Amino acid sequence: MVDIKNIVVIGSGLMGNGIAQVSLMAGYNVTMVDISQEILDKAVASIEGGLKKLETKGVLNAAENKSRLKASLDLSSAVKDADYIIEAVVEKMDVKKDIFKTCDENAPPHAIIASNTSTMSITEMASATKRADKCIGMHFFNPAPLMRLIEVIAGEKSSEESMEIGIKVSKSLPCLRGDRYVAKVLKDRPGFIVNRLNSPSGIYMSYLLDTCLEQGIPFESLDADFGSRGPMSPLVLSDYTGIDTGYHVRNYNAETLHEDFRPGKVITQMYNEGKLGRKTGQGFYDWSKGRPQPDFSKIKKAGLVDRGVFLAISMNEGCRILEEGIASGWKVIDDANMAGMNAPGPFEYGIKNWEGHVKKLEEFADKIGSEYLKPCDLFRSGKFVDMK
Ligand SMILES: NC(=O)c1ccc[n+]([C@@H]2O[C@H](COP(=O)([O-])OP(=O)(O)OC[C@H]3O[C@@H](n4cnc5c(N)ncnc54)[C@H](O)[C@@H]3O)[C@@H](O)[C@H]2O)c1
Numbered sequence: 018m019v020d021i022k023n024i025v026v027i028g029s030g031l032m033g034n035g036i037a038q039v040s041l042m043a044g045y046n047v048t049m050v051d052i053s054q055e056i057l058d059k060a061v062a063s064i065e066g067g068l069k070k071l072e073t074k075g076v077l078n079a080a081e082n083k084s085r086l087k088a089s090l091d092l093s094s095a096v097k098d099a100d101y102i103i104e105a106v107v108e109k110m111d112v113k114k115d116i117f118k119t120c121d122e123n124a125p126p127h128a129i130i131a132s133n134t135s136t137m138s139i140t141e142m143a144s145a146t147k148r149a150d151k152c153i154g155m156h157f158f159n160p161a162p163l164m165r166l167i168e169v170i171a172g173e174k175s176s177e178e179s180m181e182i183g184i185k186v187s188k189s190l191p192c193l194r195g196d197r198y199v200a201k202v203l204k205d206r207p208g209f210i211v212n213r214l215n216s217p218s219g220i221y222m223s224y225l226l227d228t229c230l231e232q233g234i235p236f237e238s239l240d241a242d243f244g245s246r247g248p249m250s251p252l253v254l255s256d257y258t259g260i261d262t263g264y265h266v267r268n269y270n271a272e273t274l275h276e277d278f279r280p281g282k283v284i285t286q287m288y289n290e291g292k293l294g295r296k297t298g299q300g301f302y303d304w305s306k307g308r309p310q311p312d313f314s315k316i317k318k319a320g321l322v323d324r325g326v327f328l329a330i331s332m333n334e335g336c337r338i339l340e341e342g343i344a345s346g347w348k349v350i351d352d353a354n355m356a357g358m359n360a361p362g363p364f365e366y367g368i369k370n371w372e373g374h375v376k377k378l379e380e381f382a383d384k385i386g387s388e389y390l391k392p393c394d395l396f397r398s399g400k401f402v403d404m405k
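Taking my numbering, the leading residue of the sequence shown gets 18, the next gets one more, and so forth.
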């Protein structure tokens, strides 16, 4: 197996920034690539700040780490000595394919090319190269230094050796909040494990939002149904990540998984009107004065949310992940969800009464007329229980 010394991180935005920092902390030489000097300067300053903070806590020597960091605007020359490349640019397939091609044409033959895509096909990116066996997915969670999970994804042509290198590099990257958890994703399917597990909840959420619209219920009342779990309620979080992001993900899932994922009336209307949340100042909430802090103790609940439906949807999707051979067992799915989302997966809790959850989902899918939410064969049969 090749000794990995030089890592190139392409895209120095939110994700690339964190990925470069943990790669430095693991002792690699790191080159960051982006399209403008201003963006690169900002990224370098932010990494320097992060390293200095850690130095004050006695975790590392900031100057030594910084001495192994380079920044470049020229991708072709930046990858000339690369052993391992991590692409973290915008979530657009054509841009990613162009980058994979340039890397393939300029990097040494042994170099691995990995993508940090949240959901897109590694196989398709690899098709832009002549080294599909050396292309893999390496999916971090935001922020990369703090979230424990990295999913390492096999494209259709990825070699076992490339996967082993990807897993070894992933395990070597420190996490500031506990031990790294590396999940091996056996099949290149949209959303991999964790994003896939959580994506069909969006079908239920769309249904709930559209019900609010039809019945004239304020959206904050729906948010109040969830209460304040975690740092942000679901609709504050949607505004924070961007209504446009949710809109695009739902459409991608509709095209790759099932038509039922299409964004509903509320999300489509907000997208068309440019009410995108934090970035435009208005989404479900008004962001013009900073992050909204709804006081749910004073807001009337909509009384629409049934948490049992969310659990049943999640168990069903976990079973689809097992059925499609994406993960080796339900424990990996549960552990990955905890490491990537700070939330328990559905199986450990739901397995005891699995038949009740199947029945609940059956009734709910019939009620809203969703084909995709119907319990899949593996869920219905209960055979997943032994697939730990
Ligand atoms: N934000 C998240 O929570 C998250 C989590 C996991 C994975 N991802 C994935 O990571 C990737 C990056 O997401 P992000 O949130 O960091 O985006 P971002 O917009 O913060 O950063 C993307 C960066 O890529 C740069 N870029 C664009 N085209 C480029 C090119 N041709 N060459 C070099 N650099 C280029 C941009 O200038 C920008 O700095 C996406 O594929 C996204 O789906 C995001």
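Think of the CB as a built atom: it goes at the ideal place given N, C-alpha and C, for glycine as much as any other residue.
Quick caveat, the model's predicted, so the values are computed rather than measured.
**OP:** Could you work out which residue in Ala161, Met155, Ala128 is closest to Arg148 when comparing CA atoms only?
**Re:** Start at 1 with the first residue of the sequence shown, and residue 148 comes out as number 131. Looking at the Cα atoms, Ala128 is the closest of the given residues.
Original post:
Just to check, is the beta-carbon of Ser176 closer than 7 Å to a non-hydrogen atom of ligand 1?
Top reply: On the sequence shown, position 159 is the one that residue 176 refers to. No, the Cβ of Ser176 stays beyond 7 Å of every heavy atom of ligand 1.
Original post:
Does ligand 1 have a heavy atom nearer than 7 Å to the CB of Gly33?
Top reply: Here the question's residue 33 lines up with position 16 in the sequence shown. It does: the Cβ of Gly33 is within 7 Å (strictly closer) of some heavy atom of ligand 1.
**OP:** Taking only runs that begin and end inside the segment 327-377, name each unbroken alpha helix (DSSP H) of 4 or more residues, in chain order.
**Re:** 347-358, 364-367
**OP:** Can you tell me which of the three DSSP states Leu92 falls into?
**Re:** Taking the sequence shown and counting its residues from 1, the one referred to as residue 92 is at position 75. Helix, per DSSP.
Original post:
Is any heavy atom in ligand 1 found nearer than 7 Å to the beta carbon of Thr140?
Top reply: Indexing the sequence shown from 1 puts residue 140 at position 123. It does not: the Cβ of Thr140 is nowhere closer than 7 Å to a heavy atom of ligand 1.
**OP:** Assuming Ser40 and Leu163 form a contact by the criterion Cβ under 8 Å, report the distance between their Cβ atoms to the nearest whole angstrom.
**Re:** Position 23 of the sequence shown holds residue 40. Position 146 of the sequence shown holds residue 163. Contact flag wrong, Cβ pair sits at about 15 Å.
Original post:
Under a three-way DSSP split, which group does Thr140 fall into?
Top reply: As a first step, residue 140 must be located in the sequence shown, where it is residue number 123. In the structure shown, Thr140 sits in a helix (DSSP, three-state: H, G or I).
**OP:** Return yes when the C-beta of Ala88 is under 7 Å from any heavy atom of ligand 1, and no when it is not.
**Re:** Your numbering for residue 88 matches position 71 in the sequence shown. Incorrect: Ala88 has no Cβ contact closer than 7 Å to ligand 1.
**OP:** Could you tell me the boundaries of the beta strand (DSSP E) in which Thr297 lies?
**Re:** Counting from 1 along the sequence shown, the entry for residue 297 is found at position 280. Careful: Thr297 lies outside any beta strand (DSSP E) and carries neither H nor E.
Original post:
Cα separation between Lys87 and Val25?
Top reply: Taking the first residue of the sequence shown as position 1, residue 87 is located at position 70. Taking the first residue of the sequence shown as position 1, residue 25 is located at position 8. Those two C-alpha atoms are separated by around 9 Å.
Original post:
For Thr228, does the three-state DSSP call read helix, strand or coil?
Top reply: As a working mapping, residue 228 is identified with position 211 in the sequence shown. Looking at Thr228 - three-state DSSP - the assignment turns out to be helix.
Original post:
By Cβ distance below 6 Å, which residues in the same chain neighbour Ser89 in space, the five residues on each side in sequence not counted?
Top reply: Taking the sequence shown and counting its residues from 1, one reaches residue 89 at position 72. Contacts found: Thr48, Val50, Ala95.
Original post:
Quick one: Cα of Val19 to Cα of Glu379, how far?
Top reply: In the sequence shown, residue 19 corresponds to position 2, counting from 1. In the sequence shown, residue 379 corresponds to position 362, counting from 1. When rounded, the separation of the alpha-carbon atoms in Val19 and Glu379 is 50 Å.
Original post:
When you compare each of Pro361, Met287, Leu77 to Gly263 by their alpha carbons, which one comes out closest?
Top reply: In the sequence shown, counting from the first residue as 1, residue 263 sits at position 246. Selected option, being the one with the closest Cα: Met287.
Original post:
What is the rounded straight-line gap between the Cα of Glu409 and the Cα of Leu321?
Top reply: This structure leaves residue 409 out entirely; the chain is present only between 18 and 405.
Original post:
Does DSSP put Asp394 in a helix, in a strand, or in coil?
Top reply: Mapped onto the sequence shown, residue 394 falls at position 377. Three-state DSSP puts Asp394 in a helix.
Subject >> Distance, Glu341 Cα to Met355 Cα >> reply: Counted from its first residue, the sequence shown places residue 355 at position 338. Counted from its first residue, the sequence shown places residue 341 at position 324. Straight-line Cα distance between these residues: approximately 21 Å.
Subject >> For Gly300, the nearest candidate out of Cys393, Arg165, Ile284 (CA to CA) >> reply: Working through the sequence shown from its first residue, we reach residue 300 at position 283. The candidate whose alpha carbon is nearest that of Gly300 is Ile284.
Original post:
Which residue from Asp277, Gly259, Glu276 puts its Cα closest to that of Thr297?
Top reply: As a position in the sequence shown, residue 297 is number 280, starting the count at 1. Considering only alpha carbons, the answer is Gly259.
Original post:
Do the segment 122-141 and the segment 167-182 meet, that is, are 3 or more Cβ pairs less than 8 Å apart?
Top reply: yes
**OP:** Report the residue ranges of all beta strand (DSSP E) runs contained in full by the segment 45-103; include only those spanning at least 3 residues, in chain order.
**Re:** 46-50, 86-89
**OP:** Run the CB neighbour count on Ile102, radius 10 Å, all protein chains shown included, and call it buried at 16 or more, exposed below.
**Re:** For the purposes of this step, residue 102 is taken as the residue at position 85 of the sequence shown. Ile102 comes out buried.
Subject >> Val322 in three-state terms, based on DSSP >> reply: If you number the sequence shown from 1, residue 322 lands on position 305. Here Val322 sits in coil by DSSP.
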